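Residue numbers (my numbering): 1 to 116.
Each residue gets a CB set at the ideal place from its N, CA and C atoms; glycine is no exception.
Computed from a predicted structure; not experimentally measured.
Have a look at the structure below, then the notes.
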């Protein structure tokens with residue numbers, strides 16, 4: 001099994017880096033033999049905030065992250081969450097508060113690391 005790690009740093013809206021990273025991560029979850037992991041840090045921790053409401057016709061990062069969560073793993077930098085006033089109760093189900101140590105482990109275990 002191939003392990004692909006996505007590290008997202010940018011805010012969920014305002015540019016399309018998080019959007020494009022999650023699009024690719026979601027597409028890879030459909031591939032046999034691929035394990036997808038997403039680590040959200042800096043402003044990207046907002047991608048996992050529950051209850052996002054966006055204008056009609058606009059992409060919803062929360063829904064995109066849900067697609068990844070069905071078959072993959074999602075972790076959030078706890079320090080980044082704290083800096084933005086986000087708690088685990090604010091996050092979508094399945095997204096886990098994590099640490100830089102976990103990111104280091106995931107990076108060492110990954111066959112590919114993609115940074116957005």
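Are the Cβ atoms of residue i and residue j separated by less than 8 Å?
i, j, result
"residue 18", "residue 61", "yes"
"residue 28", "residue 4", "yes"
"residue 115", "residue 68", "no"
"residue 44", "residue 10", "yes"
What residue from the options has the CA that sits closest to residue i's CA?
i, options, result
"residue 91", "46, 101, 106, 63", "46"
"residue 113", "65, 67, 21", "21"
"residue 106", "10, 39, 16", "39"
"residue 77", "89, 99, 88, 70", "99"
"residue 84", "59, 41, 33", "41"
Quick check on the DSSP output: the beta strand (DSSP E) that includes residue i runs from which residue to which?
i, result
"residue 35", "34-40"
"residue 116", "Taken as a continuous stretch (DSSP letters only), residue 116 belongs to no beta strand (DSSP E), as it is neither H nor E."
"residue 4", "2-8"
Is it right to say residue i is buried, meaning 16 or more other beta carbons lie within 10 angstroms of its own, or is it exposed?
i, result
"residue 1", "exposed"
"residue 63", "exposed"
"residue 49", "buried"
"residue 70", "exposed"
"residue 54", "exposed"
What span of residues does the alpha helix (DSSP H) with residue i cover, start to end?
i, result
"residue 102", "100-109"
"residue 28", "17-29"
Exercise for the section: Just list the alpha helix (DSSP H) runs in the stretch 59-93, keeping only unbroken ones of 4 residues or longer that don't cross its boundaries, in chain order. Expected result: 61-71, 78-83
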